[in-house]
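Asker:
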Amino acid sequence: MKTPIQLTPPKGPVELTLPKARQIEGSRAIAEAVGLCRPQVICAYPITPQTHIVEELSAMVKTGELMDCEFINVESEFAALSVAIGASAAGARAYTATSSQGLLYMAEAVYNASGMQLPIVMTLGNRAIGAPINIWNDHSDAMALRDAGWVLLFAETNQEAIDLHLQAFRLAEELSTPVMVCVDGFILTHAYEEVELPTPEAVDRWLPKFQPRQVLDPAEPITMGALVGPESFSEVRYLAHRKQLRALERIPELSAEFNATFGRNSGGILRTYKTEGAETIVLAMGSINGTIEDAIDELRRNGHAIGAVILTTFRPFPYASVAAALKNASQAIVVEKSLTAGMGGPLAADVTLALANTSTPVYSVIAGLGGRPIPQASLESIFERARDRELPETTFLDLHWDAVNQAITKELSWTPHT
Amino acid sequence: MNVEAKETMNVEAGQKIKFYQTGTLTVGNRLLDEDLRTVQASEERSNAITSGHRACQGCGEALGARYALDAAMRAANGKIIAVNATGCLEVFSTPYPETSWTLPWLHSLFGNAASVASGVAAALRRLGKADIRVVAQGGDGGTTDIGFACLSGMFERNDDVLYLCYDNQGYMNTGVQRSSATPPTARTATTPAVGTAPGNIFGTGKDVPRIAMAHGIPYVATASVADLHDLERKVTNAMQVRGARYIHILVPCPLGWGTVTNATIRVARLATESGLFPLFEAEHGEIVASSPIRRAVPVEDYLKIQSRFAHLFRPTRDDAHLAALQAIADKNIQRYNLLRNDHGNDARKEAA
Amino acid sequence: MNKPFATTLDVGSSLANHTGSWRTERPVYVDRMPPCNQACPAGENTQDWLYHAEEGNYRTAWESIVRDNPFPAIMGRACYHPCETSCNRGSLDAAVNIHAVERFLGDRAIALGWNIASSEERSGKKVLVVGAGPSGLSAAYHLTLLGHEVTVVEAGAAPGGMMRFGIPAYRLPRTIIDAEIARIVALGVTIRLNEPVEDIPALLEREGFDAAFVAIGAHLAKRVDIPAPDAGKILDAIGVLRELETGESMPRIGRRVIVYGGGNTALDVARSVRRLGEEAIVVYRRTRDKMPAHEFEVSEALEEGVQFHWLRTVTHMTGESITVEKMTLGPDGFPRGTGEYETIEGDALILALGQNVDTHVLDSIPGVEHSADGVVKVGPNMMTGHKGIFAGGDMVPSERTLTVAIGHGKKAARNIDAYLRGIPYVPKVKPALASFERLNTWYYSDAGKTVQPVLEDVRRRSTFEEVVGGLDETNALFEARRCLSCGNCFECDNCFGVCPDNAVIKLPDSAAIERSDSAGSPHSAPFAIDYDYCKGCGVCAAECPCGAIEMVPEEI
Amino acid sequence: MFQVRIHGRGGQGVVTAAELLSMTAFTEGLHAQAFPSFGSERMGAPVAAFCRISNTPIRTREPIADPDGVIVQDPTLIHLFDLFGGLSKEGFVLVNSSRTPESLGLSAILEKLPTGHVRTIPATEIAREKIGRPIPNIAMLGGFAAMTGIITLKALAWAIHTKFPKALAEKNIEAAQAAFAAVQHAIAGEPIAARGEELMV
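Listed in order, the protein sequences are those of chains X, F, R and P. The opening position of the first sequence corresponds to residue 34 in this note's numbering, with each subsequent residue numbered one higher. The opening position of the second sequence corresponds to residue -12 in this note's numbering, with each subsequent residue numbered one higher. The opening position of the third sequence corresponds to residue 6 in this note's numbering, with each subsequent residue numbered one higher. The opening position of the fourth sequence corresponds to residue 150 in this note's numbering, with each subsequent residue numbered one higher.
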């Protein structure tokens, strides 16, 4: 139920100086955060809902707000990441952003960047993948390339999106590996909300000048991107795996350091919300966690022992951390904005694996596909059914069963050659 | 050399003796000043791609790459970064643990060499290293087909990259399949010499140098491993310019074309002398020069030494297709005025 | 730099991969016989001296010539240059104007007083040369260089033989002959003039010669019996030419002089007659294209107003005219009489029908054999049937040209040297011919032949000034550079450049000194194949302009 | 929590209105969240945008299904969609029209809500007058401020200054002020001046 509005009247005269925090669009906030990291080459190809980010950055470069940076407008996402690959290999801090089909169109380069260990940072404004064409938010794009060897971080809020970008550059360059920061399309990218951006000086202290691990340089020539045959390919892949595991160690350290530096707890592997004493723990990634937290507050008020795990680091997948966070729960509910047709929820599959040594059941809730709203009430209803042990293994939130059933019937009635 | 000889050479320098027994056509010429010889004549050449690579015997691409890159290296005082598309050149030069490259070199993907090079160029500009120049290179597949969008983008933005297309007219790395640069009627693994119209389709063609010109970029040229001086001059010209530049180099493939391994340069020469592969230069979208044919030959002379065209001659002669191929050559000859009468030494002396 | 494993590599590491194991054929540098060299009767290393000349090293070039032939200035004028006939460049545009370059070098040597240094080492052997013609002088020259003491005995009043008495001054100025012979004398050769030799064995015995070279030429004019009221009006060509050379004043041969014959001598005499201010008419029994004379002689003669009657034989002379029978060519190319006659006005008839050897000096020498026309039989080493007596030039079976005679002199000298030293003379094995098909002519620039200046017409009808001028340095250099260097590396760097595997090595200068001319070629390639990497594709061989690389199967 | 839903058509500045409303609230020291209806908006297409205002940080991301205020920038939408679905009993409705709510067929909603919670203002006309273009969004916000008291005109002016270049901001502020005054006049039960300078406060 809604609480009645109780607004406090404005206190004193309105300050006409820029406050520490600002009410700005998520894309603008991300663009400014990226700008604070002083990228040297930014390349972009527009795709909804990533557009505002690169528009802002292009303007920042044009106006001189972001100095010493090349902004390259390219003809495709494939080219965008390729330009970033070249720039990074030549020793520049490189950044790009995309969404959905764009990520798929650059897929080959996504694998290539990680294979060559180039510390590129990319923002992914998460969006569904067609067909049917759909411009709205879900996590299908990130899931499609979850195994490309990049570190994948999911932001819950625009504030976290900012913070994750600052941490992403550090992580990428320390380990020499690319990092993707996933931000829910529209829901975060187009939302105006309060964010706090650190000062350039603070960021300069946080993020040292880019020192590439390897660089194309006539003074010390190297061959990058050699052909590796069966005799060594496994070793290369194993080393990539090791690097991801190292990232798993480094991410919480960086988060702690970030907290100490900027006074904000963000990033890391995962966060828990009211998991103390929780029988049911909901696990999700990205912006849906805000609604989940509201729902949990509501259910807790009603005596439901429920909590949440907000997963920030999806790749490398933190099996141990997830298992630990869910250790005391009697059941886990994974709410995720993606569906692997014929399999179910990919995040739920990972969580199931994390809990393989326990008897804790994992319930999968597929929600928000293609931008379908996820109302708090619907979530509460699901969680209540879970409490009552009525939840099926996989639930499709607010699915229009009548439409589905009608289509199934029609499908079954069709036979070839008639 | 004795004193008298030196005097002679001085006399010569100031007077009208400009002719050398081998003119400016051989790789070197002991009678020329060293700086007028080709880069390839010099032991100091950079050997951008060095020995031990696994290219086939008589590989035109290995040769073309060294020709072009060594010239670029000279023009840029050795400060070159090369970006390579996937393909034969990449595969035969960099199998772990050995690389044949001696310059900084990056291979990313099949279709993105132009974009990766754009990125390298952007980084260098931003890092204050604009004295380091960027060369992108790929085969015809990586350039005219899968890499075409990236190439066009690089052109359109006028990024400071010299793109070298080593055209061997097919996907040789994967076993000789057809590309959009494969000539009509040619037999490849995907255009077999069977049926009523054997070999590659007689389409409308895809003239990438002219497409490059349509972008209005500062410099476009075609070149051939059969004319080293011309090739090096064009690479050198290209290196004098900033912005997007494109050189399309014909590099015969003995395996794919079905020629004997020693015929690589000869067949490239015949391609030009027949008019099928015109050599020209363009600046800002306009043709500024073409190389006249020295010794004109009918296209048949070019075709008949390649087994990929064998079906045009055996078991029966395919006059219709031979005429159609000759018509392509004739069109080039007309378009680029290749049979004009200023060929030979004069034109080359000017060039030198 | 912290290079990632496997995907990032150290540059140039492929040098560890020795691709030479792929090879089934290996390229090998070869030295081939250039056609010009092969065609030169004097055995000149034409390509070698052109090589030096094109670099402007004229002295070196000249020294190369005189290693084989002491008469560059004479050769450059009077040789009928078979080198040019065989020159591969002739198949491309026009043969290299070799003789003109040779003449340039020869003239330069005379002008600058270049001399030849003789070997310090003396053998103590004495050789007699009979006849100071081209063959004898050539032999004397080479024998002297080989360390022997040579005396030339000449019946005539001046040395030079047919150079002086057979070739008119307008083709070969006498100052040139004198200069080049003087250089031989300066080497230490003794020439005794006006000394006819009747008994060679006696002379050998008397003066202690260890060997003799006899080269007395062929001076007896062949005659045919032509009825005439005044036999004094029938002269022989060789005698006329000699008279022109030695006579105090020019003889008045006749107003309209008919020259009978179609060889070079016929034309020489006809052209000389023109220069004496008379009309000259050449009568020849076959057609123009069948004339043994060189085409340039015919065309120059025509330019100078010499008239020709082809397909005619002279049947008799009346004193005011001659009667000729018209001929026709049979299918075998030989002329046949038609039975039709005509009259040609003419008051003198010069027969230019060839010469025979005056053999009487040889008749007394035991073992020497000769044929009916006097030609002396010699063995492969040019020795006659009499031990220690060698013969050459026009008196032995061969083509009778200056250059052949000079070649005989050289060859005889080498054999005499071997004979004197008691060792067999083994000629060098000649490498295979550098034929036109072996060349890759695309690399040679298009360049037409340089034309030598020619004396103006009116002076050619009144004086014995030299008709054909020499090349200036610019033209000579240009012409030298037209040489294709058939069959022998000329350091164009093509192999070094066109190897897709960078498997050609440039040898350092010290190694280049090893260039051998063992195969008779001027120098070997200053390159080597790096067989560690050479895959044997053969591009180097195919793109070698001059065909100096050969692909040889590997033994596998 | 105070939740606002703004309806209009593409080109009328619906999304900007939501953003400005959130910025205004933020300027007041409140927490706010604005977001569009995430459509691929084209000129003329129906568009909605949302704004939440709260004393405490806002976590939820669900679309606003039960608003406390509904701003209708285009009255032609009234009968095409259920614009007032989920509206709270104490909610506000402000419609851009020079006509009365009754004449727009809003009687049903008028009856549900407290007096004075349903109003119309001629925002397009005000905008045309003050800005020179028929973009009603800022004027509507001015009217909404006067109507609800949830934001001050001063804070709105600051937000407008933040969002727009100076000249345009000043014109928009004039429009907001005019609309604010018009609503205040209406609240005071005084007749709204027809046009012109007297609207200025």
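We put the beta carbon where it would ideally sit given N, CA and C, even for glycine. If you're wondering where the values come from, they're calculated on a predicted model, not measured in any experiment.
In the DSSP assignment, find the beta strand (DSSP E) that holds Trp92 (chain F) and state where it starts and stops.
Answerer: Within the second sequence, the letter at position 105 stands for residue 92 (chain F). Looking at the DSSP string, the run of the beta strand (DSSP E) that includes Trp92 (chain F) is 92 to 94.
Asker: Helix, strand or coil for Ser326 (chain R) per DSSP?
Answerer: Here residue 326 (chain R) refers to the residue found at position 321 when the third sequence is read from its first residue. Here Ser326 (chain R) sits in strand by DSSP.
Asker: From the DSSP output, which residues share a beta bridge with Gly157 (chain P)?
Answerer: Position 8 of the fourth sequence, counted from the start, is the residue given in the question as residue 157 (chain P). Answer by DSSP bridge pairing, in chain order: P:Val196.
Asker: Is there a Cβ of chain X sitting closer than 9 Å to that of Met6 (chain R), yes or no?
Answerer: On the third sequence, position 1 is the one that residue 6 (chain R) refers to. Interface residue, yes.
Asker: Applying a beta-carbon distance threshold of less than 8 Å, which residues of chain R neighbour Pro254 (chain X)?
Answerer: As a first step, residue 254 (chain X) must be located in the first sequence, where it is residue number 221. In chain order: Val16.
Asker: Could you work out which residue in X:Glu369, X:Ala54, X:Thr313, X:Tyr225 is closest to His85 (chain X) when comparing CA atoms only?
Answerer: Sequence index remark: in the first sequence, residue 85 (chain X) carries index 52 (1-based). Of the listed residues, the one whose Cα sits closest to His85 (chain X) is X:Tyr225.
Asker: Within 9 Å (strictly less), CB to CB, does Met172 (chain P) reach chain X?
Answerer: The count along the fourth sequence starts at 1 and reaches residue 172 (chain P) at position 23. It does; some Cβ of chain X falls within 9 Å.
Asker: Taking all protein chains shown into account, do 16 or more other C-beta atoms lie within 10 angstroms of the C-beta of Gly525 (chain R), making it buried, or fewer, making it exposed?
Answerer: Within the third sequence, residue 525 (chain R) is the residue found at index 520, counting from 1. For Gly525 (chain R), the predicted model reports a pLDDT of 37, less than 50, meaning its position is unreliable and no value from the coordinates is stated.
Asker: Note down the Cα distance separating Leu253 (chain P) from Asn245 (chain P), rounded to an integer number of angstroms.
Answerer: Taking the first residue of the fourth sequence as 1, we reach residue 253 (chain P) at position 104. Taking the first residue of the fourth sequence as 1, we reach residue 245 (chain P) at position 96. Approximately 11 Å between the Cα atoms of the pair.
Asker: Less than 9 Å separating the beta-carbons of Asp196 (chain X) and Phe104 (chain X)?
Answerer: Counting from one through the first sequence, the residue named residue 196 (chain X) turns up at place 163. Counting from one through the first sequence, the residue named residue 104 (chain X) turns up at place 71. Not a contact, by the Cβ cut-off of 9 Å.
Asker: How many Å lie between Asp147 (chain F) and Tyr536 (chain R) at the Cα?
Answerer: As a first step, residue 147 (chain F) must be located in the second sequence, where it is residue number 160. As a first step, residue 536 (chain R) must be located in the third sequence, where it is residue number 531. About 40 Å.
Asker: Smallest Cα separation from Gln161 (chain P): which of P:Pro224, P:Gly240, P:Arg210, P:Thr209?
Answerer: Position 12 of the fourth sequence, counting from 1, holds the residue named residue 161 (chain P). The shortest C-alpha separation from Gln161 (chain P) is found at P:Pro224.
Asker: Would you mind sorting Gln200 (chain X) into buried or exposed? The rule is 16 or more other CB atoms within 10 Å of its CB.
Answerer: As a first step, residue 200 (chain X) must be located in the first sequence, where it is residue number 167. By the 10 Å Cβ count, Gln200 (chain X) comes out buried.
Asker: Determine the extent of the beta strand (DSSP E) in which Ala113 (chain X) is found, giving its start and end residues.
Answerer: Mapped onto the first sequence, residue 113 (chain X) falls at position 80. Where Ala113 (chain X) is concerned, there is no enclosing beta strand (DSSP E), although the alpha helix (DSSP H) it sits in stretches over 110 to 122.
Asker: Report the CB separation of Ala242 (chain R) from His321 (chain R) in whole angstroms; it is logged as a contact under 8 Å.
Answerer: For the purposes of this step, residue 242 (chain R) is identified with residue 237 of the third sequence, where counting begins at 1. For the purposes of this step, residue 321 (chain R) is identified with residue 316 of the third sequence, where counting begins at 1. About 19 Å; that fails the 8 Å criterion.
Asker: Only counting the same chain, and skipping five residues up and downstream in sequence, which positions put a Cβ closer than 7 Å to that of Val544 (chain R)?
Answerer: Locating residue 544 (chain R) in the third sequence gives position 539, where the first residue counts as 1. Correct list, in chain order: Val503, Cys504, Pro505.
Asker: Which residue comes first and which comes last in the beta strand (DSSP E) that contains Leu243 (chain P)?
Answerer: As a working note, residue 243 (chain P) is residue 94 in the fourth sequence. Per DSSP, Leu243 (chain P) belongs to the beta strand (DSSP E) from 241 to 245.
Asker: Would DSSP call Met556 (chain R) helix, strand or coil?
Answerer: Your numbering for residue 556 (chain R) matches position 551 in the third sequence. DSSP places Met556 (chain R) in strand when its eight states are reduced to three.
Asker: Count the other CB atoms, across all protein chains shown, that sit within 10 Å of the CB of Ser392 (chain X); report buried if there are 16 or more and exposed otherwise.
Answerer: On the first sequence, residue 392 (chain X) is found 359 positions in, with the first residue counted as 1. It is exposed - the Cβ of Ser392 (chain X) has fewer than 16 other Cβ atoms within 10 Å.
Asker: Kindly indicate the opening and closing residues of the beta strand (DSSP E) around Gln124 (chain F).
Answerer: Against the second sequence, residue 124 (chain F) aligns to sequence position 137. From DSSP, the beta strand (DSSP E) with Gln124 (chain F) extends over 120 to 126.
Asker: Spatial neighbours of His223 (chain X) within its chain, please: CB distance less than 8 Å, with the 5 preceding and 5 following residues excluded, ordered by chain position.
Answerer: The residue labelled residue 223 (chain X) in the question sits at position 190 within the first sequence. Cβ within range, chain order: Glu58, Gly59, Ser60, Pro82, His85.
Asker: Under a CB-based cut-off of 9 Å, is Tyr83 (chain F) close to chain X?
Answerer: Working through the second sequence from its first residue, we reach residue 83 (chain F) at position 96. Tyr83 (chain F) counts as touching chain X.
Asker: CB Met159 (chain F) to CB Glu273 (chain F), shorter than 9 Å?
Answerer: Stepping through the second sequence from its first residue, residue 159 (chain F) is reached at position 172. Stepping through the second sequence from its first residue, residue 273 (chain F) is reached at position 286. No, the Cβ-Cβ distance between Met159 (chain F) and Glu273 (chain F) is not below 9 Å.
Asker: Measure the C-alpha to C-alpha separation of Arg291 (chain R) and Tyr346 (chain R) and round it to an integer number of angstroms.
Answerer: Within the third sequence, residue 291 (chain R) is the residue found at index 286, counting from 1. Within the third sequence, residue 346 (chain R) is the residue found at index 341, counting from 1. Rounded to whole angstroms, Arg291 (chain R) to Tyr346 (chain R) spans 15 Å at the Cα level.
Asker: Using a Cβ-Cβ cut-off of less than 8 Å, list which residues of the region 253 to 275 of chain F approach chain R; keep chain order.
Answerer: Of all residues in the region 253 to 275 of chain F, Arg253, Arg256 have a Cβ within less than 8 Å of some Cβ in chain R.
Asker: For the alpha helix (DSSP H) that contains Ile287 (chain P), what are its first and last residues?
Answerer: Looking up residue 287 (chain P) in the fourth sequence gives position 138. Per DSSP, Ile287 (chain P) belongs to the alpha helix (DSSP H) from 286 to 297.
Asker: Closest by CA to Tyr34 (chain R), which one among R:Pro77, R:Gln312, R:Asn499?
Answerer: As a first step, residue 34 (chain R) is located in the third sequence; it is residue number 29 there, counting from the start. Answer by Cα proximity: R:Asn499.
Asker: Excluding the 5 residues preceding and the 5 following Ala188 (chain X) in the sequence, name in chain order all residues of the same chain whose CB lies nearer than 6 Å to its CB.
Answerer: As a first step, residue 188 (chain X) is located in the first sequence; it is residue number 155 there, counting from the start. Excluding positions up to five away in sequence, the list reads Ala194, Leu197, Val216.
Asker: Check whether the Cβ atoms of Arg127 (chain R) and His104 (chain R) lie closer than 9 Å to each other.
Answerer: For the purposes of this step, residue 127 (chain R) is taken as residue 122 along the third sequence, with counting starting at 1. For the purposes of this step, residue 104 (chain R) is taken as residue 99 along the third sequence, with counting starting at 1. Not in contact: Arg127 (chain R) and His104 (chain R) (Cβ atoms no closer than 9 Å).
Asker: For Ile202 (chain P), which residues from the same chain have a beta carbon less than 6 Å from its beta carbon, with the 5 sequence-adjacent residues on both sides left out?
Answerer: The residue labelled residue 202 (chain P) in the question sits at position 53 within the fourth sequence. Excluding sequence neighbours, Ile202 (chain P) sits near Phe151, Ala174, Leu179, Ala181.
Asker: If the criterion is Cβ atoms closer than 9 Å, does the pair Tyr424 (chain R) and Asn386 (chain R) meet it?
Answerer: For the purposes of this step, residue 424 (chain R) is identified with residue 419 of the third sequence, where counting begins at 1. For the purposes of this step, residue 386 (chain R) is identified with residue 381 of the third sequence, where counting begins at 1. Yes.
Asker: Mind checking Arg41 (chain F): buried by the 16 CB within 10 Å criterion, or exposed?
Answerer: Counting from 1 along the second sequence, the entry for residue 41 (chain F) is found at position 54. Arg41 (chain F) comes out buried.
Asker: Using a Cβ-Cβ cut-off of 7 Å (strictly less than) and excluding sequence neighbours within five positions of Val437 (chain X), which residues of its own chain qualify?
Answerer: Position 404 of the first sequence holds residue 437 (chain X). If we look at Val437 (chain X) and ignore the five residues flanking it on each side, it has no Cβ neighbours.
Asker: Determine, using beta carbons only, whether Pro241 (chain X) comes closer than 9 Å to chain F.
Answerer: Looking up residue 241 (chain X) in the first sequence gives position 208. It does not; no Cβ of chain F falls within 9 Å.
Asker: Using a Cβ-Cβ distance under 9 Å, would Asn145 (chain X) count as near chain P?
Answerer: For the purposes of this step, residue 145 (chain X) is identified with residue 112 of the first sequence, where counting begins at 1. By this cut-off, Asn145 (chain X) is not an interface position.
Asker: Using a Cβ-Cβ cut-off of less than 9 Å, give me the residues of the region 109 to 125 of chain X that come near chain F, in sequence order.
Answerer: Those residues of the region 109 to 125 of chain X that come within reach of chain F (Cβ to Cβ, closer than 9 Å) are Ser109, Phe111, Ala112, Ala113, Leu114, Ser115, Val116, Ala117, Ile118, Gly119, Ala120, Ser121, Ala122, Ala123, Gly124, Ala125.
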